[in-house]
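K.L.:
Protein sequences, first through last, are from chains A and B.
Using the working numbering, you'd call the opening residue of the first sequence number 1 and step up by one each time.
Using the working numbering, you'd call the opening residue of the second sequence number 1 and step up by one each time.
Glycine included, C-beta positions come from ideal geometry on N, C-alpha and C.
Please read all numbers here as calculations on a predicted model, not as lab measurements.
My questions all concern the structure below.
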Amino acid sequence: MHLQKPKGEVNQLSSPAETTAVVADTVRDEMVAAIRTTLGTAVVDTLVKPGDDIWVRVTTESWCASIQALKVAHAFDYFCFLSAIDWMPSPYGRGEDDPSEPAPVRDTVIRPGYTGGDTRMQLLVRLVNSVTHLGINIKADVPNDSFTIDSICTVFAGANWHEREAHEMFGIGFTGHPDLRNMYLPMDFEGYPMRKDFPLLARMVKPWPGIVDVEPLPGGADDDVKDGASEEGTS
Amino acid sequence: MTILNDPVSTKLGNRQQLSYIASQAADARLNVELETEGMTLNIGPQHPATHGTLRIIARLDGEQVVWAEPSCGYMHRGYEKLTEVRTFPQVTSLINRIDWLGSFANEVPFILAAEKLMNVEAPPRAQWIRTILFELSRIANVSLFLGDLGVQLGAITPVFLAFRDREYVLNLIESATGGRFHPNFDRIGGLKDDLPAGWIDETKVVMKKLRNFCDEIETLLFGNEIFQSRTRGIGVIPRDVALQYGLSGANLRASGVDWDLRRDQTIPLAYDKVDFKVWTHPDGDSFARCWVRLQETREATKIVDQLLDGIPSGPVMAKVPKIIKVPEGEAWVSTENPLGEMGYYVVSRGDLGPFRVKIRSASFNNISITPWLLRGVYVPDIITILASLYFILGDIDR
Numbered sequence: 001m002h003l004q005k006p007k008g009e010v011n012q013l014s015s016p017a018e019t020t021a022v023v024a025d026t027v028r029d030e031m032v033a034a035i036r037t038t039l040g041t042a043v044v045d046t047l048v049k050p051g052d053d054i055w056v057r058v059t060t061e062s063w064c065a066s067i068q069a070l071k072v073a074h075a076f077d078y079f080c081f082l083s084a085i086d087w088m089p090s091p092y093g094r095g096e097d098d099p100s101e102p103a104p105v106r107d108t109v110i111r112p113g114y115t116g117g118d119t120r121m122q123l124l125v126r127l128v129n130s131v132t133h134l135g136i137n138i139k140a141d142v143p144n145d146s147f148t149i150d151s152i153c154t155v156f157a158g159a160n161w162h163e164r165e166a167h168e169m170f171g172i173g174f175t176g177h178p179d180l181r182n183m184y185l186p187m188d189f190e191g192y193p194m195r196k197d198f199p200l201l202a203r204m205v206k207p208w209p210g211i212v213d214v215e216p217l218p219g220g221a222d223d224d225v226k227d228g229a230s231e232e233g234t235s
Numbered sequence: 001m002t003i004l005n006d007p008v009s010t011k012l013g014n015r016q017q018l019s020y021i022a023s024q025a026a027d028a029r030l031n032v033e034l035e036t037e038g039m040t041l042n043i044g045p046q047h048p049a050t051h052g053t054l055r056i057i058a059r060l061d062g063e064q065v066v067w068a069e070p071s072c073g074y075m076h077r078g079y080e081k082l083t084e085v086r087t088f089p090q091v092t093s094l095i096n097r098i099d100w101l102g103s104f105a106n107e108v109p110f111i112l113a114a115e116k117l118m119n120v121e122a123p124p125r126a127q128w129i130r131t132i133l134f135e136l137s138r139i140a141n142v143s144l145f146l147g148d149l150g151v152q153l154g155a156i157t158p159v160f161l162a163f164r165d166r167e168y169v170l171n172l173i174e175s176a177t178g179g180r181f182h183p184n185f186d187r188i189g190g191l192k193d194d195l196p197a198g199w200i201d202e203t204k205v206v207m208k209k210l211r212n213f214c215d216e217i218e219t220l221l222f223g224n225e226i227f228q229s230r231t232r233g234i235g236v237i238p239r240d241v242a243l244q245y246g247l248s249g250a251n252l253r254a255s256g257v258d259w260d261l262r263r264d265q266t267i268p269l270a271y272d273k274v275d276f277k278v279w280t281h282p283d284g285d286s287f288a289r290c291w292v293r294l295q296e297t298r299e300a301t302k303i304v305d306q307l308l309d310g311i312p313s314g315p316v317m318a319k320v321p322k323i324i325k326v327p328e329g330e331a332w333v334s335t336e337n338p339l340g341e342m343g344y345y346v347v348s349r350g351d352l353g354p355f356r357v358k359i360r361s362a363s364f365n366n367i368s369i370t371p372w373l374l375r376g377v378y379v380p381d382i383i384t385i386l387a388s389l390y391f392i393l394g395d396i397d398r
């Protein structure tokens with residue numbers, strides 16, 4: 001029973017990745033240095049995780065020009081995806097799952113992720129060089145007041161649908177986009193479903209069994225507990 | 001021979017030039033002021049020629065399409081929002097349903113992304129079994145495509161062969177995971193269970209059957225003159241267009257891009273232990289896309305055969321905490337799924353569930369090229385082109 005372990009030992013993860021961790025990643029470091037030279041002041045921040053990925057944050061004003069420059073100068077010619085991230089912590093959540101518990105204190109501070117950020121919404125694009133297969137994640141802040149940023153449809157035609165999706169789900173406007181019709185929802189739908197302050201109604205009207213759903217490992221010691229708990233959850 | 005002096009067309013082959021001219025002509029026709037009102041043709045949402053509920057609105061001039069646009073959203077289930085209210089282990093049961101023909105393959109990149117954030121790696125045995133099941137999903141998925149392809153062109157026989165032989169693969173997946181369509185078998189840190197007894201020998205027999213199936217399809221369908229004349233030179237996608245629309249998988253390789261995420265990235269799966277060929281085709285037409293998929297199915301059976309011979313012993317589960325909290329961070333993992341590149345951008349806040357999951361599905365990008373691609377084609381070719389692009393509705397809408 002290699003799966004069983006005493007309580008309190010959770011931080012000792014077996015991890016072959018730790019022992020063979022890449023210390024330096026010259027390819028990605030050089031790429032980031034080259035990008036900084038090309039884009040100049042447009043780059044706000046960069047991050048390299050060795051052996052993993054590159055993150056670059058550019059200014060809102062230079063968004064379209066930066067993508068164009070990366071495509072032309074560094075041959076990031078494969079458009080992978082475009083999406084947005086709402087960094088505001090959700091005012092709803094799993095806390096309401098168990099009505100017997102007191103409502104937890106919610107985090108309301110907007111904390112951005114890798115390479116920082118000053119706004120609630122951020123745009124994220126992933127491009128890949130189709131020859132070297134090196135990928136890059138590019139972020140840009142979307143202004144809090146207007147939620148509007150330049151469209152990159154002229155650079156990558158494939159961004160068209162992705163921008164429509166981001167517009168529909170996050171309410172981000174794209175200046176210069178030919179046709180921002182909804183893709184999924186009816187045109188008279190109100191609200192932007194992927195924003196964190198848009199409630200998931202299915203979770204609001206009926207409490208979720210919550211903690212009962214935490215899945216025990218196969219052969220785990222508390223299979224009996226799980227059975228009892230799930231009965232309670234369905235009643 | 002160069003037909004046009006346009007800088008784009010000089011780079012293209014003969015066949016590509018013809019389709020380029022057709023689309024240019026369709027463009028020009030839209031701009032004629034005295035244009036008579038064209039006919040608008042609705043294909044779908046419920047139509048035998050579409051797999052699922054996709055609606056295509058096409059404006060026609062005679063038999064030629066001047067403007068076409070797919071209308072998605074009939075299957076939108078909002079998985080990106082739903083993942084935000086679930087714990088990490090619960091997410092796999094949702095994302096199983098994105099590309100429902102190759103379900104297991106959907107789970108793998110998400111689990112790998114979570115493992116990357118947790119800095120956990122599955123034991124070697126789990127990695128090998130994952131890879132085998134991944135390839136079996138590909139075979140189950142693409143073999144149905146090969147059969148369905150015939151139906152789209154009016155040939156009924158191949159689909160019966162496909163359903164017969166896909167069943168063998170689904171039975172294997174069922175006996176190993178317990179689910180024919182939605183295995184939900186992948187766990188953070190490994191797999192739910194080990195393989196059942198006798199599974200390896202059974203799989204070898206099935207792989208032989210599937211290779212026979214590929215040969216049958218190749219002679220029945222790909223050697224057929226009608227099939228060739230309906231697909232060759234139809235729906236040509238040049239390399240640079242394919243790249244800027246983010247086409248992936250067989251669609252990209254059929255446009256001559258030699259790129260396979262199984263070979264070209266470091267990923268904790270067993271692909272670096274096997275020897276396989278990445279098939280490409282220079283033409284970029286419908287035939288090329290179908291042909292690349294056929295070769296890939298055959299290649300997948302060989303990958304499975306090689307992997308079966310060398311499964312290492314050991315546990316199938318790494319030591320992970322019972323209640324999984326994923327450390328704060330962002331991770332992107334994509335794999336070469338049956339339909340193309342499928343990836344998850346996972347943002348975690350050190351919580352039980354993900355903060356944000358961006359699901360990058362292959363079909364969404366693959367189908368987004370259709371407004372460009374369908375301009376200038378004839379109505380019967382719409383069906384061929386859509387069939388050869390190969391999409392799953394759940395994979396478009398998510």
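#1: Between B:Asn365 and chain A, is the shortest Cβ-Cβ distance under 8 angstroms, so that the two count as touching?
#2: Output yes or no for whether 8 angstroms exceeds the beta carbon distance between B:Leu101 and B:Leu144.
#3: Whose Cβ in chain B lies nearer than 8 angstroms to the Cβ of A:Asp145?
#4: Among all the DSSP beta bridges, which residues are the ones paired with A:Gly135?
#5: Would you say A:Asp77 reaches chain B, if we count a Cβ-Cβ gap shorter than 8 angstroms as a contact?
#6: I need the straight-line Cα distance from B:Asp381 to B:Val91, nearest angstrom please.
#7: Would the beta-carbon of B:Pro371 fall within 8 angstroms of that of B:Glu69?
#8: Determine the DSSP secondary structure at A:Ala21, reduced to helix, strand or coil.
#9: Throw me the rounded Cβ distance for the B:Ser137 and B:Phe181 pair, which I believe falls under 8 angstroms.
#10: Let me know if A:Ala105 comes out buried or exposed under the rule of 16 or more other beta-carbons within 10 Å of its beta-carbon.
#11: Please decide whether A:Ile54 counts as near chain B, where near means a Cβ-Cβ distance under 8 angstroms.
#12: Which residues in chain A sit within 7 angstroms of B:Val347, going by Cβ to Cβ distance?
#13: How many angstroms separate the CA atom of B:Glu115 from the CA atom of B:Ile43?
#14: Chain B partners of A:Ala33, CB-CB under 7 angstroms?
#15: Can the beta-carbon of A:Val58 be found less than 8 angstroms from the beta-carbon of A:Val48?
#16: Buried or exposed, going by whether 16 or more other CB atoms sit within 10 Å of the CB of A:Gly113?
#17: Could one say the Cβ of A:Leu39 lies closer than 8 angstroms to chain B's Cβ atoms, at least one of them?
#18: If the cut is a Cβ gap below 7 angstroms, which residues of chain B does A:Met121 touch?
#19: Quick one: using the 10 Å Cβ neighbour count with 16 as the cut-off for buried, is B:Phe213 buried or exposed?
#20: Is there a Cβ of chain A sitting closer than 8 angstroms to that of B:Ser175, yes or no?
#21: Does the segment 203 to 222 of chain B come close enough to the segment 290 to 300 of chain B to have 3 or more Cβ pairs within less than 8 angstroms?
#22: Leaving aside the five residues before and after B:Asn365 along the sequence, list all residues of the same chain whose C-beta is less than 7 angstroms from its C-beta, in chain order.
#23: Going by alpha carbons, who is nearest to A:Asp179 out of A:Asp107, A:Glu190, A:Thr115, A:Ser151?
#24: Within 10 Å of its beta-carbon, does B:Ala300 have 16 or more other beta-carbons around it, so buried, or fewer, so exposed?
#25: Which term fits A:Leu201, buried or exposed, when burial requires 16 or more other beta carbons within 10 angstroms of its beta carbon?
#26: Please say whether A:Phe170 and A:Arg195 have beta carbons closer to each other than 8 angstroms?
#27: Just by C-beta distance, which residues in the segment 71 to 83 of chain B are closer than 8 angstroms to chain A?
#28: A:Trp63 versus chain B: which residues are under 8 angstroms apart at the beta carbon?
#29: Decide yes or no for the touch test of the segment 314 to 322 of chain B against the segment 124 to 139 of chain B: beta carbon pairs closer than 8 angstroms, at least 3 of them.
#30: Taking DSSP as the reference, what is the three-state secondary structure of B:Gln127?
#31: Any idea what DSSP makes of B:Ser348, helix, strand or coil?
#32: Is the segment 79 to 87 of chain B close to the segment 351 to 362 of chain B, with three or more CB pairs under 8 angstroms?
#33: Mark B:Glu107 as exposed unless 16 or more other C-beta atoms lie within 10 angstroms of its C-beta, in which case mark it buried.
#34: Any heavy atom of the ligand MG within a distance shorter than 7 angstroms of the CB on A:Gly51?
#35: Do B:Pro338 and B:Val346 have their CB atoms nearer than 8 angstroms?
#36: Out of B:Gln228, B:Ile132, B:Val142, B:Lys325, point me to the one whose CA is closest to B:Asp99's CA.
P.N.:
With the given structure in hand:
#1: In the second sequence, the residue the question calls residue 365 of chain B occupies position 365. For B:Asn365, the answer is yes, since a Cβ of chain A falls inside 8 angstroms of its Cβ.
#2: Along the second sequence, one-based indexing puts residue 101 of chain B at 101. Along the second sequence, one-based indexing puts residue 144 of chain B at 144. Yes, Cβ-Cβ distance for B:Leu101 and B:Leu144 is below 8 angstroms.
#3: On the first sequence, position 145 is the one that residue 145 of chain A refers to. Correct list: empty, because the minimum Cβ distance to chain B is about 22 angstroms.
#4: What you label residue 135 of chain A is simply residue 135 of the first sequence in a count that begins at 1. Paired residues: A:Val128.
#5: Along the first sequence, read from residue 1 onward, the residue named residue 77 of chain A stands at position 77. Yes, A:Asp77 counts as interfacial toward chain B.
#6: The residue labelled residue 381 of chain B in the question sits at position 381 within the second sequence. The residue labelled residue 91 of chain B in the question sits at position 91 within the second sequence. If I take the Cα positions, the gap works out to 39 angstroms.
#7: Numbered from 1 along the second sequence, position 371 holds the residue referred to as residue 371 of chain B. Numbered from 1 along the second sequence, position 69 holds the residue referred to as residue 69 of chain B. The answer is yes: Cβ separation under 8 angstroms.
#8: Position 21 of the first sequence holds residue 21 of chain A. Any answer about A:Ala21 is weak, because its pLDDT of 49 lies below 50 and its placement is not dependable; what the coordinates show is given next. Looking at A:Ala21 - three-state DSSP - the assignment turns out to be coil, as it is neither helix nor strand.
#9: Along the second sequence, read from residue 1 onward, the residue named residue 137 of chain B stands at position 137. Along the second sequence, read from residue 1 onward, the residue named residue 181 of chain B stands at position 181. Contact flag wrong, Cβ pair sits at about 10 angstroms.
#10: One-based indexing of the first sequence puts residue 105 of chain A at position 105. Per the sequence shown, the amino acid found at residue 105 of chain A is Val instead of Ala. Burial call: exposed.
#11: Here residue 54 of chain A refers to the residue found at position 54 of the first sequence. Not closer than 8 angstroms to any Cβ of chain B, the Cβ of A:Ile54 fails to qualify, so no.
#12: Reading the second sequence from its first residue, position 347 is the one you call residue 347 of chain B. Result: Ile85, Gly113.
#13: Here residue 115 of chain B refers to the residue found at position 115 when the second sequence is read from its first residue. Here residue 43 of chain B refers to the residue found at position 43 when the second sequence is read from its first residue. Taking the straight line joining both Cα atoms gives about 43 angstroms.
#14: On the first sequence, position 33 is the one that residue 33 of chain A refers to. The premise fails here: A:Ala33 is roughly 22 angstroms from chain B at the closest Cβ pair, so nothing lies under 7 angstroms.
#15: Here the question's residue 58 of chain A lines up with position 58 in the first sequence. Here the question's residue 48 of chain A lines up with position 48 in the first sequence. No.
#16: Walking along the first sequence from the start, residue 113 of chain A turns up at place 113. By the neighbour-count rule (16 or more Cβ atoms within 10 Å), A:Gly113 is buried.
#17: To locate residue 39 of chain A, count along the first sequence from 1; it is residue 39. It does not: the Cβ of A:Leu39 has no partner Cβ on chain B nearer than 8 angstroms.
#18: The sequence position of residue 121 of chain A within the first sequence is 121, counting from 1. Within chain B, no residue comes near A:Met121; the closest Cβ sits about 12 angstroms away, beyond 7 angstroms.
#19: Residue mapping note: residue 213 of chain B aligns to position 213 of the second sequence, counting from 1. Under this definition B:Phe213 is a buried residue.
#20: Translated into the one-based positions of the second sequence, residue 175 of chain B becomes position 175. Output row for B:Ser175: interface = no.
#21: yes
#22: In the second sequence, the residue the question calls residue 365 of chain B occupies position 365. These residues qualify, in order along the chain: Tyr245, Gly246, Leu247, Ser248.
#23: As a first step, residue 179 of chain A must be located in the first sequence, where it is residue number 179. The candidate whose alpha carbon is nearest that of A:Asp179 is A:Ser151.
#24: Here the question's residue 300 of chain B lines up with position 300 in the second sequence. Its Cβ being crowded by 16 or more others within 10 Å, B:Ala300 is buried.
#25: By one-based count along the first sequence, residue 201 of chain A stands at place 201. The residue in question, A:Leu201, is exposed, as its Cβ has fewer than 16 Cβ neighbours within 10 Å.
#26: The residue you call residue 195 of chain A lines up with position 195 of the first sequence. The residue you call residue 170 of chain A lines up with position 170 of the first sequence. For A:Arg195 and A:Phe170, yes; Cβs fall inside 8 angstroms.
#27: Cys72, Gly73, His76, Gly78, Glu80, Lys81, Leu82
#28: Here the question's residue 63 of chain A lines up with position 63 in the first sequence. Per Cβ cutoff of 8 angstroms: no residues; A:Trp63 is ~17 angstroms from chain B at best.
#29: yes
#30: In the second sequence, the residue the question calls residue 127 of chain B occupies position 127. It is helical.
#31: Here residue 348 of chain B refers to the residue found at position 348 of the second sequence. Of the three classes helix, strand and coil, the one that applies to B:Ser348 here is strand, per DSSP.
#32: yes
#33: Here residue 107 of chain B corresponds to residue number 107 of the second sequence, with the count starting at 1. When all chains shown are included, B:Glu107 counts as buried.
#34: Absence of the ligand MG is noted for the structure shown, with no ligands found whatsoever.
#35: What you label residue 338 of chain B is simply residue 338 of the second sequence in a count that begins at 1. What you label residue 346 of chain B is simply residue 346 of the second sequence in a count that begins at 1. Cβ distance not < 8 angstroms, so B:Pro338 and B:Val346 don't count as in contact.
#36: Residue mapping note: residue 99 of chain B aligns to position 99 of the second sequence, counting from 1. Considering only alpha carbons, the answer is B:Val142.
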